[in-house]
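Visitor: First, the structure itself, so that you have it in front of you.
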Amino acid sequence: MPPTPMPDDWQRALVVAAHPDDIEYGLAAAVAVWTAAGKEVHYLLATRGEAGMAGVPPAEAGPIREEEERRSAAVVGVTEVEFLDHRDGTLVAGPELRRDLAGAIRRHRPELVVTGYFGATWTPPGVSPAHVNSADHRALGQSVVDAVADASNEWIFPDLAEEPWRGVQYIAVSELVDPPHEVDVSDAVEAAVASLVEHRRYLELLSDEPVEDQARQVVDMSTVTDDGRRRVGFRLFWG
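Structure (structure tokens):
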């Protein structure tokens, strides 16, 4: 069954990721479409990605990656970016992370919560050996789904200052293989590439290939379908 368009009966979205650049590795094109249509999109990062730059100490890398994420967000129309200050590489799906995520959902009050794919591997079913998904991605994704319910319940984390938020209509999890829903991003490819390019210091350490070429390859990989269309795919859950 071909994917159906993502619902658009919402006004504010909160996009949640583990690290700076996670959103730009697949979701930023959809964000660009949404903001161009007048939607309000906020970013929430669980960590500052301070353990992600080889040869750069975390105390130096964290501020670099935070600034790159803020610039990257601005390219696709996002003006509000919040960091939760969990340690990069050590996210654990449990009450501490869920509490912080629930508090953020209550603060931002979205109708749509978006997060990245958090399955065990990046590899299509049946392919072996498989590429293992990051432990941080797996922990965060499950915690985001759980935190939406936590944010709506006054008796879970009652010490949070924010009032419960029961307005989340949908949880959207990115899906590359056979997504049930999609956002047509044909007009947002260049914005997505430009957004990822803002992670210049990070990308320069990953490869000697020009940053612009790296960014375009990533966006192509995450948006081009077998028939040549451009889309970002999602699996939806009720909020």
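Heads up, the sequence shown stops at 323 in my numbering, and the numbers go up one at a time, no gaps.
Where is the CB? At the ideal position from N, CA and C, for every residue including glycine.
1) Taking DSSP as the reference, what is the three-state secondary structure of Thr119?
2) Of the choices Asp268, Gly161, Val308, whose alpha-carbon is the least far from that of Thr119?
3) Let's see if you can read the secondary structure: which residues bound the beta strand (DSSP E) around Asp268?
4) Measure the C-alpha to C-alpha separation of Arg190 and Asp292 and round it to an integer number of angstroms.
5) By alpha-carbon positions, which one of Leu224, Ala113, Val252 ends up nearest to Ala233?
6) Note down the Cα distance separating Thr131 from Pro264, rounded to an integer number of angstroms.
7) How is the beta strand (DSSP E) around Ile255 delimited, first residue to last?
8) In whole angstroms, give me the CA-to-CA distance for His103 and Arg149.
9) Find the nearest neighbour of Val176 within the set Gly225, Gly146, Pro213, judged by alpha-carbon distance.
10) From Val165 to His192, what distance separates their C-alpha atoms?
11) Determine the burial state of Pro213: buried for a count of at least 16 other Cβ atoms within 10 Å of its Cβ, exposed for fewer.
Guide: Once the coordinates are examined:
1) Looking up residue 119 in the sequence shown gives position 35. Correct three-state label for Thr119: helix.
2) For the purposes of this step, residue 119 is taken as residue 35 along the sequence shown, with counting starting at 1. Closest by alpha carbon: Gly161.
3) Counting from one through the sequence shown, the residue named residue 268 turns up at place 184. Looking at the DSSP string, the run of the beta strand (DSSP E) that includes Asp268 is 265-268.
4) On the sequence shown, residue 190 is found 106 positions in, with the first residue counted as 1. On the sequence shown, residue 292 is found 208 positions in, with the first residue counted as 1. Taking the straight line from one Cα to the other gives about 42 angstroms.
5) Position 149 of the sequence shown, counted from the start, is the residue given in the question as residue 233. Looking at the Cα atoms, Val252 is the closest of the given residues.
6) Here residue 131 corresponds to residue number 47 of the sequence shown, with the count starting at 1. Here residue 264 corresponds to residue number 180 of the sequence shown, with the count starting at 1. Thr131 and Pro264 have their C-alpha atoms roughly 29 angstroms apart.
7) What you label residue 255 is simply residue 171 of the sequence shown in a count that begins at 1. Unbroken beta strand (DSSP E) run through Ile255: 254-258.
8) Looking up residue 103 in the sequence shown gives position 19. Looking up residue 149 in the sequence shown gives position 65. Cα to Cα, His103 sits roughly 9 angstroms from Arg149.
9) Taking the first residue of the sequence shown as 1, we reach residue 176 at position 92. A check of alpha carbon separations from Val176 across Gly225, Gly146, Pro213 identifies Gly225 as the nearest.
10) Sequence index remark: in the sequence shown, residue 165 carries index 81 (1-based). Sequence index remark: in the sequence shown, residue 192 carries index 108 (1-based). Roughly 11 angstroms between the two C-alpha positions.
11) In the sequence shown, counting from the first residue as 1, residue 213 sits at position 129. By the 10 Å Cβ count, Pro213 comes out exposed.
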